[in-house]
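Each remark here refers to the structure printed beneath this line.
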Amino acid sequence: MQYSIPRGTYDILPEDSPKWHRVIAEFRKLVEAYGYAEIVTPIFEQAALFERSSGESSDVVKKEMYRFTDRKGREFALRPEGTAPVARSYIENRMDIGSSYTKLYYLGPMFRYDRPQAGRYRQFYQYGVEFIGSNNPYYDAEIIAILWNYLTGLGLKKLHLELNSVGCSVCAKEYDKALRDYFQPYLNQLCPDCQERFERKPRRILDCKVKECGDIAKKAPIQLDYLDEPCREHFSEVQHYLDLMKIPFIINPRIVRGLDYYTNTAFEVIYEGIGAQNALAGGGRYNGLLNQIGGKNIPAVGFAGGFERLFLSLNEEKITLPGPPFPEVFIITIGREAQELIIPYLNIIRVKGIYAEYEPDRASLKAQLKAANNSKAYYALLIGEEEIKQKSALLKNLESGEQKLYSLEPISDLIKTIQNKEL
RNA sequence: GUGGGUGUAGUUCAACUGGCAGAGCACCGGAUUGUGGUUCCGGGCGUUGUGGGUUCGAUCCCCAUCACCCACCCCA
């Protein structure tokens, strides 16, 4: 029986893991400069947490959650997103007490039962940042700045930021009403999906891909015209701060966040050229979430991005990331005696932090040198009959071909030469 | 969940209307016994994704199934 990996998942292979380390390290370095600290939450939570936060009618909850029941009949779900668990932990650990602001970031796998396609997986890795404790539009801009600086800092160029405001719960209601008034006369011309959306979530009609719906939606009222005064002011301040931070954006009134808890600011970073799944990251303000899941009425703003799409974009722009390291020295022994002589020193070399490779299975000198060459090692260290006599080893620079004999006792000269690449 | 496409060696791909499954790259070994990269020579029976069916005969046709790709949906 040949076992295979579950659909929509993948292995991060050794040749790729250095790339992951790099993008993660860059992310940590940047967010920590903004004062954010990592939070790690379980990959599963009570299913109700997501039902309550994302909205029972959201697609995520309706059909994309991996649910399971434990041995005592409790309902759990693999987390489909990172914000609700962070909010849960914030409330549960009383992070609001003591300091008014909390800056958190997280990294890790999320799970959604979707049909896989380019840039979309069932287990995917997200990086995210949450700022909890202020409604100041400055923080909306700061969150966006972190995201933008991260992506452009990695070298990406063909991306753009789309910005919108979905208002607060009051203006959102007003807007829904305006939309229904507008679509009412066209109701029977809309696609079946949109007819259903009409009652439940009329703004979803706006980004319907069906041509008829799109045509009708073109002249529909937009949310921005229905913002109340505080929300309008908030939105304009966000833009002002973005200008100050020199972060380019375009206003897209059609951005609709998929999850129910968003208020005011909504944004996405889009990358053209990686297929249909072109949102590198998305986020926004969620002033209602904490309260909705049992906390105080605390405002917050954040974003989450996917590493898989990030890699697709980096690849698209041919931005190279580190691969596996090459050995600094490749040990070559001829005969059993040579092996006995060098193994104790091999340990010493490695403990010093030098990456040394040794493949005793290969017999001939030729085969071992070939292996050394293929490994792209910087040096080969050769021990044969001659060297044994003198308790020494022959160090060879594999690029220049230059070689020099080093005594093994003491071994410090040899180590120093390798470390400083002096030969 | 819906539609379309594709599955052949480690990999990239061939194999005419159904007739002996092949090549490049990679990998391994060798070219007088202590020197790699270039060159030359040698090395492949692979459940043709899996399971059925049609046929004298299936990589090829049919059905099912799985996986991947693309789109819808949705989003990261």
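Letter by letter, the first sequence follows residues 5 to 427 in the working numbering.
In this text, a Cβ means the ideal position worked out from N, Cα and C, and glycines have one as well.
All figures in this text were calculated on a predicted structure; none of them were measured in a lab.
Nearest candidate by alpha-carbon position, reference residue i, set the options
i, options, result
"Y410", "I422, E403, L263 and E216", "I422"
"Y190", "I9, I419 and P206", "P206"
"A376", "E391, E403, G357 and E390", "E403"
"E134", "Y109, N140 and P329", "Y109"
"P257", "A221, G77, E237 and Q50", "A221"
"G132", "W152, L111 and F115", "L111"
"I9", "Y125, A81 and E178", "Y125"
"P84", "G405, R75, D63 and I101", "D63"
"T337", "L386, Q127, E146 and A270", "L386"
"R204", "L183, D100 and L398", "L183"
"E390", "V355, N301, G339 and Q372", "G339"
"E321", "L82, K162, I415 and G405", "K162"
"P46", "G86, S58 and K23", "G86"
"R26", "E42, H238 and T324", "T324"
"H164", "A149, A176 and K177", "A149"
"G157", "I251, P196 and Y186", "I251"
"F187", "A176, D219, S169 and C175", "D219"
"V333", "R289, L82 and R354", "R354"
"Q127", "L82, Y94 and L160", "L82"
"F271", "A308, L293, L248 and G298", "A308"
Proximity of residue i and residue j at Cβ, strictly below 8 Å
i, j, result
"Y154", "F31", "yes"
"Y129", "G310", "yes"
"F253", "L167", "yes"
"V273", "L263", "no"
"V305", "Y40", "no"
"Y265", "Q296", "yes"
"R236", "Q281", "no"
"R98", "E49", "no"
"N268", "G137", "no"
"I278", "S240", "no"
"V260", "R208", "yes"
"R116", "E68", "yes"
"V35", "A145", "no"
"P22", "P414", "no"
"Y382", "F330", "yes"
"F80", "A37", "no"
Beta-bridge partners of residue i, as assigned by DSSP
i, result
"V1", "Absent from the model: residue 1. The displayed extent of the chain is 5 to 427, so no value can be given."
"Y383", "V333 and N401"
"S411", "S396"
"K254", "First, the amino acid is wrong: residue 254 is Ile here, not Lys. Paired residue(s): E166."
"R124", "Q121"
"M114", "F128"
Segment limits, beta strand (DSSP E) that includes residue i
i, result
"R289", "A283 to R289"
"N268", "T267 to Y275"
"A145", "A145 -> not in any beta strand (DSSP E); alpha helix (DSSP H) instead, spanning P141 to G157."
"Y362", "A360 to Y362"
Residue i: first and last residue of the uninterrupted alpha helix (DSSP H) it sits in
i, result
"E406", "First-last for E406: undefined, no H or E at that position."
"N378", "L369 to N378"
"Y179", "S173 to F187"
"L427", "Run containing L427: none; DSSP gives neither H nor E here."
"V242", "E233 to L248"
"D197", "P196 to R204"
"L294", "L293 to Q296"
Contact test: residue i Cβ vs the ligand MG heavy atom, cutoff 7 Å
i, result
"L155", "In the structure on display, the ligand MG does not appear, and there are no ligands present to speak of."
Identify every run of the beta strand (DSSP E) within the stretch 34–94, keeping only runs that are complete inside it and at least 3 residues long; order them along the chain.
Counting whole runs of 3 or more residues, the stretch 34–94 contains the beta strand (DSSP E) stretches 48–50, 71–73 and 79–82.
What ranges does the alpha helix (DSSP H) occupy inside the stretch 312–357, keeping only unbroken runs of at least 4 residues that lie completely in it?
340–355
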